[in-house]
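To keep things clear, I will list the structure first and then write my remarks on it.
2 protein chains.
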Amino acid sequence: MKVNYKIWLENEQGERVMGKGLLVLLSLIEQTGSINKAAKVLGMSYRAAWGKLNKAEEELGYDLIERRSGGRGGGGSRLTEKGNRLLDKFNKFSNKVDQELNTMFLDFFNK
Amino acid sequence: MKVNYKIWLENEQGERVMGKGLLVLLSLIEQTGSINKAAKVLGMSYRAAWGKLNKAEEELGYDLIERRSGGRGGGGSRLTEKGNRLLDKFNKFSNKVDQELNTMFLDFFNK
DNA sequence: AGACGTTATGCTATGATTGACATAACGAAA
DNA sequence: TTTCGTTATGTCAATCATAGCATAACGTCT
Numbered sequence: 037m038k039v040n041y042k043i044w045l046e047n048e049q050g051e052r053v054m055g056k057g058l059l060v061l062l063s064l065i066e067q068t069g070s071i072n073k074a075a076k077v078l079g080m081s082y083r084a085a086w087g088k089l090n091k092a093e094e095e096l097g098y099d100l101i102e103r104r105s106g107g108r109g110g111g112g113s114r115l116t117e118k119g120n121r122l123l124d125k126f127n128k129f130s131n132k133v134d135q136e137l138n139t140m141f142l143d144f145f146n147k
Numbered sequence: 037m038k039v040n041y042k043i044w045l046e047n048e049q050g051e052r053v054m055g056k057g058l059l060v061l062l063s064l065i066e067q068t069g070s071i072n073k074a075a076k077v078l079g080m081s082y083r084a085a086w087g088k089l090n091k092a093e094e095e096l097g098y099d100l101i102e103r104r105s106g107g108r109g110g111g112g113s114r115l116t117e118k119g120n121r122l123l124d125k126f127n128k129f130s131n132k133v134d135q136e137l138n139t140m141f142l143d144f145f146n147k
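Same order as they appear, the protein sequences are chains S and P. For the numbering used here, add 36 to where a residue sits in the first sequence, where the first one is 1. For the numbering used here, add 36 to where a residue sits in the second sequence, where the first one is 1.
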């Protein structure tokens, strides 16, 4: 017997604007410099990644990444300042939750 | 901005054997004395409730409820001892998680 | 034997979410 | 002006979860 969970952030309308999927995607965009490469690493289509990002940005009301198309190398994307802050906060938060949840689970279920 | 989450218990195979939906359903079965009545209260079909219960019991490897069909009133169902214990534990656990999670969220996001 | 309300279970329809395909636009460099 | 890899976006298909329908069995009481 073990515990599992999903956690996410919502805006005022209850739409989910940040979760673990988006967290990983954003991290990889920052690392690789493009949505396309990040999607490939995750084994998802560019279309799916693009949709996720768009939806999140729309529901947040601000941009998470800066996009350039064209130019040398075709362009690319990088996190905005706000995107970076949200990513960092949620990352730390979810790590903390992970820790605490496991502790609580052991308290309740393993003796 | 607010936080939301889903939490559940899994068996060794990673199949989910207890969550908030089942928690409420089991509580109502204990209160009403039948799967049928509990399902009606929740606005779900008997078929759906029955499926949930079956799946959970199969994956747990033991019975959560005792079922009788036929007889006066048609029969009914009530929690087994083990079912009651699991229900109680998960209830307390998820209440605790609820509390802690909100505290953590405020720590991280509301200043 | 008949009635009643419950449990038991297969099957189908429906809706929602996800994924794949196709095509266009972009802009710097050669 | 051609090339290249990226972003942008509509559309259709497929997959999956859920709802509902239909039918059978059960057992006590009248």
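Beta carbons: idealized from backbone N, C-alpha and C, even for Gly.
Would you kindly check if the distance between the Cβ of residue j and the Cβ of residue i is under 9 Å?
{"i": "Leu115 (chain S)", "j": "Ile65 (chain S)", "result": "yes"}
{"i": "Leu137 (chain S)", "j": "Ile43 (chain P)", "result": "yes"}
{"i": "Asn40 (chain P)", "j": "Arg52 (chain S)", "result": "yes"}
{"i": "Glu94 (chain S)", "j": "Ile101 (chain S)", "result": "no"}
Taking all protein chains shown into account, do 16 or more other C-beta atoms lie within 10 angstroms of the C-beta of residue i, making it buried, or fewer, making it exposed?
{"i": "Gly87 (chain P)", "result": "exposed"}
{"i": "Leu61 (chain P)", "result": "buried"}
{"i": "Gly112 (chain P)", "result": "buried"}
{"i": "Ala84 (chain P)", "result": "exposed"}
Quick one: Cα of residue i to Cα of residue j, how far?
{"i": "Leu45 (chain S)", "j": "Asp134 (chain S)", "result": "15 Å"}
{"i": "Asp99 (chain P)", "j": "Lys118 (chain P)", "result": "8 Å"}
{"i": "Met54 (chain S)", "j": "Lys56 (chain P)", "result": "22 Å"}
{"i": "Ser81 (chain P)", "j": "Met140 (chain S)", "result": "34 Å"}
{"i": "Lys91 (chain S)", "j": "Gly107 (chain S)", "result": "26 Å"}
{"i": "Asp143 (chain P)", "j": "Leu78 (chain P)", "result": "35 Å"}
{"i": "Arg104 (chain P)", "j": "Ala74 (chain P)", "result": "15 Å"}
{"i": "Gly109 (chain P)", "j": "Phe145 (chain S)", "result": "38 Å"}
{"i": "Lys132 (chain S)", "j": "Lys125 (chain S)", "result": "11 Å"}
{"i": "Asn127 (chain S)", "j": "Asn47 (chain S)", "result": "17 Å"}
{"i": "Leu89 (chain P)", "j": "Gly50 (chain S)", "result": "29 Å"}
{"i": "Gln67 (chain P)", "j": "Met37 (chain S)", "result": "27 Å"}
{"i": "Asn72 (chain S)", "j": "Asn72 (chain P)", "result": "51 Å"}
{"i": "Lys76 (chain S)", "j": "Ser130 (chain S)", "result": "25 Å"}
If residue i sits next to residue j, beta carbons under 8 Å apart, how far is it from one beta carbon to the other, in whole angstroms?
{"i": "Leu123 (chain P)", "j": "Ser63 (chain P)", "result": "7 Å"}
For residue i, verify whether its CB is less than 8 Å away from any heavy atom of the ligand GTP.
{"i": "Ala92 (chain P)", "result": "You won't find the ligand GTP in this model; it holds no ligand whatsoever."}
(message) Threshold first: 4 residues or longer. Then list the alpha helix (DSSP H) segments lying entirely within the stretch 92-116 of chain P, N to C.
(response) none
(request) For the stretch 38-103 of chain S, list the alpha helix (DSSP H) runs that are entirely contained and at least 4 residues long, ordered along the chain. (result) 56-68, 71-78 and 82-96
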